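Residue 1200 in our numbering is what sits at position 303 of the sequence shown, and the numbering runs on without skipping anything.
All C-beta atoms, glycine included, are put in the ideal place defined by N, C-alpha and C.
Just so it is clear, the structure is predicted and the values come from calculations on it, not from any experiment.
Have a look at the structure below, then the notes.
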Amino acid sequence: MWLIELAVIVLLGTSGRAIGEAAEHSRWVRTVVRLLVAALTLFSVVLAVVATTVGEPSLAIRALGAGVGVGLAWLGGYRRVLARWVPIDPGSILDTMGLAALQGAIGFFGGALLVAETLPPFEVTAEQLAGQAVAEVFLAFIWIGFPTRRGWRQALERLGLRGIDRRVVAVSVVFTLALFAVSVVTSLLASLLQPGVIERIEERLLPLTTAFASPVAALALGLLAGTGEEILFRGAIQPRYGLLLTTLLFTVLHVQYELSLVSMGVFGLAILLGLERRWFGTTACILTHALYDALAILLQGTLR
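This is how it looks when you write it as structure tokens:
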């Protein structure tokens, strides 16, 4: 089932990019895209109303959040204001479609974050992590226009992928320590102020920390998660849509942490990784993310 879900996501991303490129040159395609977006936005609002009526507030919040996020992206005035702080072209159909996808996801998963206390245990296999990483890397390359508008070297440069040297390793170690500092502070605060949330999170993540408790497994998890997520979020999305939107998306996708001080810590980690990307490139972010995840899994297994 998870393979089908990943395949659908990749297919949607690839199709969206192809449609966006076609819309740049065809007024007819642009019109069809706008009509589809209007229909999707209206459907989201109607679904939210129906879900509220039948007693499904979780679905209502997610549907409304997605609809508002997508609809806002198609308002020219909104895009022009956003372009003062985010390096998008407010007149570009490709940038508009990307912004709609980004904000729609933030709205949907942000809504899910509000009701995440009912989530089941978080179970994932190495195969699923590998599949997710491959899908994320594939989407990142498609997102930046490879191979239709960028060649291989141009794509690597746009994604911020460079070689590993001593400077990159040193930077990664420093940022890993900074990430742990943020994580420790927010986790301690959450333990004091939201003990019930911490208990639910630990129970939810128990299958994951148990399955990847060995050093080799923990490192594999770190490398897979770090490679896929950093190339997609920090490599592909951030340079076009800015640090804040990318950080918001990264945070709300980690719904397993609920709307809590822990998720605020994830927001802080994403800010640090975004700054690392801006100053030192995506390769350093991958190493930092991998080190942090691997050490966090091992420490949780040791302290349990």
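- Around the beta carbon of G1048, fewer than 16 other beta carbons lie within 10 angstroms, which makes this residue exposed.
- If you look at Q1000, you'll find it in the alpha helix (DSSP H) that goes 990-1011.
- In the displayed model, W925 falls within a helix according to three-state DSSP.
- Within the stretch 1062-1115, the complete alpha helix (DSSP H) segments of 4 residues or longer fall at 1063-1090, 1092-1108, listed in chain order.
- T1073 sits buried, since 16 or more C-beta atoms from the chains shown fall within 10 Å of its C-beta.
- In this structure, Y1189 keeps its C-beta atom at 8 Å or more from the C-beta atom of L1102.
- Counting the other CB atoms within 10 Å of its CB gives F1147 a total of 16 or more, which places it among the buried residues.
- In this structure, the CA atom of T1022 is about 43 Å from the CA atom of H922.
- Along the length of the stretch 1121-1163, whole alpha helix (DSSP H) runs at least 4 residues long occupy 1135-1150, reported in chain order.
- At the C-beta level, F1043 and A1052 come within 8 Å of one another.
- Excluding five sequence positions before and after S1088, the CB atoms of its chain that fall closer than 7 Å to its own CB belong to I1095, given in chain order.
- In chain order, R1101, V1152, Q1153 place their CB closer than 7 Å to the CB of L1016, counting only its own chain and leaving out the 5 sequence neighbours on each side.
- Counting the other CB atoms within 10 Å of its CB gives R924 a total below 16, which places it among the exposed residues.
- Taking the C-beta atoms as reference points, A997 is found no nearer than 8 Å to A1133.
- Here G1125 is buried. Its C-beta has 16 or more other C-beta atoms within 10 Å.
- Three or more Cβ pairs drawn from the stretch 1052-1063 and the stretch 1166-1186 lie within less than 8 Å of each other, which places the two stretches in contact.
- A945 places its beta carbon less than 8 Å from that of A957.
- For T1180, the CB contacts under 8 Å within the same chain, skipping 5 residues up- and downstream, are G1057, L1058, R1059, G1060, I1061, V1065 in chain order.
- In the three-state reduction of the DSSP assignment, R1175 falls in the helix class, which pools H, G and I.
- V1159 places its beta carbon 8 Å or farther from that of F1006.
- A distance of 8 Å or more separates the beta carbons of Y1138 and I906.
- Relative to L1120, the option among S1080, V1082, G1028 whose CA is nearest is G1028.
- Sixteen is the threshold: when 16 or more other Cβ atoms of the shown chains lie within 10 Å of the Cβ of V967, as they do, the residue is buried.
- Counted as a single uninterrupted DSSP element, the alpha helix (DSSP H) harbouring P954 occupies residues 954-970.
- The alpha-carbon separation between G1093 and E1014 amounts to approximately 10 Å.
- For A1002, the CB contacts under 7 Å within the same chain, skipping 5 residues up- and downstream, are L1146 in chain order.
- Between L1026 and A1122, the gap from beta carbon to beta carbon is short of 8 Å.
- Assignment of V930 by DSSP, reduced to helix, strand and coil, places it in the helix class.
- Annotation: the continuous alpha helix (DSSP H) that includes R977 extends over 973-979.
- Annotated three-state conformation of D1190 is helix, per DSSP.
- Note that the C-beta distance between Q1000 and L972 is not below 8 Å.
- Taking C-beta separations shorter than 6 Å and ignoring five residues to either side along the sequence, W1176 has no partners in its chain.
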